[in-house]
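Asker: Please read through the structure below; I'll follow up with questions.
Okay, here's the thing in structure tokens:
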């Protein structure tokens, strides 16, 4: 009986070891599957990052081209703007001179009318 009990204990322990090994194998398989899923997600994420980076590179290139065009356009406009500013200043100066001349003429004309009125009225 002792041999039978020992054999039963050994069989029971072997069964427990086999069940433990199966449990370890299942755990390892789940870990590997999780790692595979994580790797797939990481690969998708990296692909999305690279795609967005490529889009950004294209957009930055477009911005550089637009900026270069704007710089050349502004360089072409600068002389015209400077001329318009100069014309404006000359116009303001001419208006000032014309205003002073008109004021002097108005005063002279008013004085002439006053003398004519005095002559007509008889108050010399």
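Residue numbers (the working numbering): 26 to 149. Note that beta-carbon positions come from the ideal geometry of N, C-alpha and C, so glycine has one too.
Do you know offhand how far residue 81's Cα is from residue 70's?
Answerer: As a working note, residue 81 is residue 56 in the chain shown. As a working note, residue 70 is residue 45 in the chain shown. About 16 Å.
Asker: Helix, strand or coil: which one does DSSP assign to residue 86?
Answerer: Position 61 of the chain shown holds residue 86. In this structure, residue 86 counts as helix in the three-state DSSP scheme.
Asker: Got a sec? Which residues, its chain only, sit under 7 Å from residue 72 by beta carbon, not counting five neighbours each side?
Answerer: The count along the chain shown starts at 1 and reaches residue 72 at position 47. Hits under 7 Å: none found.
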